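Before any comments, here is the structure.
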Amino acid sequence: MSGSSPAPKALIGPIKVGPITRDAVRLFAEVSGDRNAIHLDPHTAKRAGLAGPPVYGMQLVAYMHSAAVRFRPDMMVKSLSTRFLAPVPVGDTVEISGRIVRVDGSAQLAIMRLFLRNGAGTLASLGEAVLVASPADMQA
Amino acid sequence: MAELRIGPIEARIDRDQVLAYARATALDGCVPGANEVPATFPAVWLWHPAAAGILAEAANHAGRAPVLTAQRFEYRAPLAIGRGYRFEIERFADAVDPDVFLIEASVSDLDGRLVAVFVATYRLFDLLEPLP
Chain X
0 MSGSSPAPKA
10 LIGPIKVGPI
20 TRDAVRLFAE
30 VSGDRNAIHL
40 DPHTAKRAGL
50 AGPPVYGMQL
60 VAYMHSAAVR
70 FRPDMMVKSL
80 STRFLAPVPV
90 GDTVEISGRI
100 VRVDGSAQLA
110 IMRLFLRNGA
120 GTLASLGEAV
130 LVASPADMQA
Chain H
0 MAELRIGPIE
10 ARIDRDQVLA
20 YARATALDGC
30 VPGANEVPAT
40 FPAVWLWHPA
50 AAGILAEAAN
60 HAGRAPVLTA
70 QRFEYRAPLA
80 IGRGYRFEIE
90 RFADAVDPDV
100 FLIEASVSDL
110 DGRLVAVFVA
120 TYRLFDLLEP
130 LP
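From first to last, the protein sequence lines stand for chains X and H.
Once you know that position 114 of the first sequence is 113 in numbering that gives the first Met the number 0, the rest is easy, because the numbers rise by one and skip nothing.
Once you know that position 100 of the second sequence is 99 in numbering that gives the first Met the number 0, the rest is easy, because the numbers rise by one and skip nothing.
Right under this line is the structure:
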C-alpha cells in the first residue's frame, strides 16, 4: 500500500453524492433494466406507504462501491455487502464515508466499513468492503 | 413465492453498456477507467430478458413491490470487457419471513470457473391505495 494510505480506523471522506434527481434515477433504470415502479412512479411509492419514490438500492450500492474505490485507489474490491436501514428519497443528497477497520499483516487485504447517510444525516445504509491489492489476492 | 432457477444464461460484457452504467453511477461525474467493469455491474443481469421472470413475477406478485434490503457480492476474479460469462440465478423464500425472498446469482467464465457470487435480499411491500 502507498505511504499516503489512510491510517487504520481513521474516517475517510465523506463524499457527497447528489442531489440524486429523478433524471439520475431514471438513467439508472435505463442502464440497469430495473423498471420497478416503486422507484419511478410517485403514486406507486405512495401505495407502498412511502412519501415518494426512493432511490434504487442497487444505485446506492454502486455509489458505495465507487466511494470505496476512490478511498483506496491502490486496491480493488473483492466483496461488498450492504444493508439498507432507511430509504433515500429521490431528490436527496447522500454522504458516504469509510473507515478501514483491519489491514492484514502483508497489507494485501483491508476491510473497510462504509456509511451512507441521507440528507437528514440518518444512516441509510451500512456496508463492508473487502479490498485486495491485486487480482491474484481475490482467489483467497 | 415459488422457488425458481434460471440459467445458465450466456452474456458478454459490452463496453458501451459498461460505460453507460459507469456514467450513471459515477461520483461527481468522474467515470472510472474505461477498461474497468464496476463490481456491481452484474446486477444488471437480474433484468436480462432471459432472466426477467425472476423479479418481474415478484414485482407483480399480488399487488406487491419488491424493495432491496441487503445485498452482497463477492469476486474470485475481476470481470473483463468483451469476455463471455454464464450466469445462473436462483430465487427462494426466506425461511422465516414470508414477505422476504432472496436471489442468489453465480457468474462463471466460459470454462466453468466461478468468477463471482451475488446475493440480494428483497422485502415485498403491499401496494395499497394511499389514504386521502
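For each residue, glycine too, the CB sits at the ideal point set by N, CA and C.
Quick caveat, the model's predicted, so the values are computed rather than measured.
Does DSSP classify residue i as helix, strand or coil?
i	result
Tyr20 (chain H)	helix
Val54 (chain X)	coil
Glu127 (chain X)	strand
Lys8 (chain X)	coil
Glu35 (chain H)	coil
Pro13 (chain X)	strand
Glu206 (chain X)	Given a span of 0 to 139 for chain X in the structure shown, any question on residue 206 (chain X) remains unanswerable.
Glu94 (chain X)	strand
Asp73 (chain X)	coil
Leu45 (chain H)	helix
Glu56 (chain H)	helix
Arg63 (chain H)	strand
Gly2 (chain X)	Residue placement at Gly2 (chain X) cannot be trusted, given a pLDDT of 43 that sits under 50; what the coordinates show is reported in the next sentence. Gly2 (chain X): coil per DSSP, three-state reduction.
Tell me, please, whether the CB atom of residue i is closer than 8 angstroms to any CB atom in chain H?
i	result
Lys8 (chain X)	no
Gln107 (chain X)	no
Leu130 (chain X)	no
Ser1 (chain X)	Because Ser1 (chain X) sits at a pLDDT of 43, beneath the cut-off of 50, its placement in the model cannot be relied upon, and the following sentence gives the value as read from the coordinates. Judged by the 8 angstroms Cβ criterion, Ser1 (chain X) is not in contact with chain H.
Gly113 (chain X)	The question names Gly, but residue 113 (chain X) in the sequence shown is Leu. It does not: the Cβ of Leu113 (chain X) has no partner Cβ on chain H nearer than 8 angstroms.
Ile14 (chain X)	yes
Phe27 (chain X)	yes
Which same chain residues end up closer than 6 angstroms to residue i when comparing Cβ atoms and leaving out the 5 residues on each side of it in sequence?
i	result
Val100 (chain X)	Ile110, Arg112
Asp98 (chain H)	Arg122, Leu123
Val16 (chain X)	Tyr62, Val93
Leaving out five residues before and five after residue i in sequence, what residues of the same chain have Cβ atoms less than 8 angstroms from its Cβ?
i	result
Arg112 (chain H)	Arg75, Ala76
Leu126 (chain H)	Gly62, Arg63, Ala64
Ile19 (chain X)	Val54, Gln58, Val87, Val89, Gly90, Asp91, Thr92, Val93
Who are the near neighbours of residue i in its chain, counting only those whose CB is closer than 7 angstroms to its CB and skipping five residues on each side?
i	result
Val17 (chain H)	Val36, Phe40, Ile80
Val76 (chain X)	His64, Ala67, Val68, Ala128, Leu130
Thr68 (chain H)	Thr120, Tyr121, Arg122
Ile11 (chain X)	Pro5, Phe70, Ser96, Gly97, Arg98
Leu84 (chain X)	Leu122, Ala123, Ser124, Leu125
Taking only beta-carbon atoms, is residue i less than 8 angstroms away from chain X?
i	result
Arg4 (chain H)	no
Glu56 (chain H)	no
Pro41 (chain H)	no
>> For the pair the region 34–43 of chain X and the region 29–38 of chain H, tell me if three or more CB-CB distances fall below 8 angstroms.
In response: Output reads no: the region 29–38 of chain H does not touch the region 34–43 of chain X.
> Counting pairs of Cβ atoms below 8 angstroms between the region 64–72 of chain X and the region 74–82 of chain H, do you hit three or more?
Replying inline: Fewer than three Cβ pairs drawn from the region 64–72 of chain X and the region 74–82 of chain H lie within less than 8 angstroms of each other, which leaves the two stretches out of contact.
>> Within 8 angstroms, do at least three Cβ pairs link the region 86–95 of chain H to the region 3–15 of chain H?
In response: The region 3–15 of chain H vs the region 86–95 of chain H: in contact.
> Which residues, in chain order, does the region 10–38 of chain H contribute to contact with chain X at a C-beta distance below 7 angstroms?
Replying inline: Answer set for the region 10–38 of chain H: Ala19, Tyr20, Ala23, Thr24, Ala25, Leu26, Pro31, Pro37, Ala38.
> Are at least three pairs of beta-carbons, each pair with one atom in the region 16–31 of chain H and one in the region 12–29 of chain X, less than 8 angstroms apart?
Replying inline: Cβ pair count under 8 angstroms is three or more, so yes.
> Taking any Cβ of chain X, which residues in the region 88–117 of chain H have a Cβ under 8 angstroms from it, in chain order?
Replying inline: Residues of the region 88–117 of chain H with a C-beta atom less than 8 angstroms from some C-beta of chain X do not occur.
>> What are the residues in the region 73–88 of chain H lying within 8 angstroms of chain X by C-beta distance?
In response: Within the region 73–88 of chain H, the qualifying residues are Glu73, Tyr74, Arg75, Ala76, Pro77.
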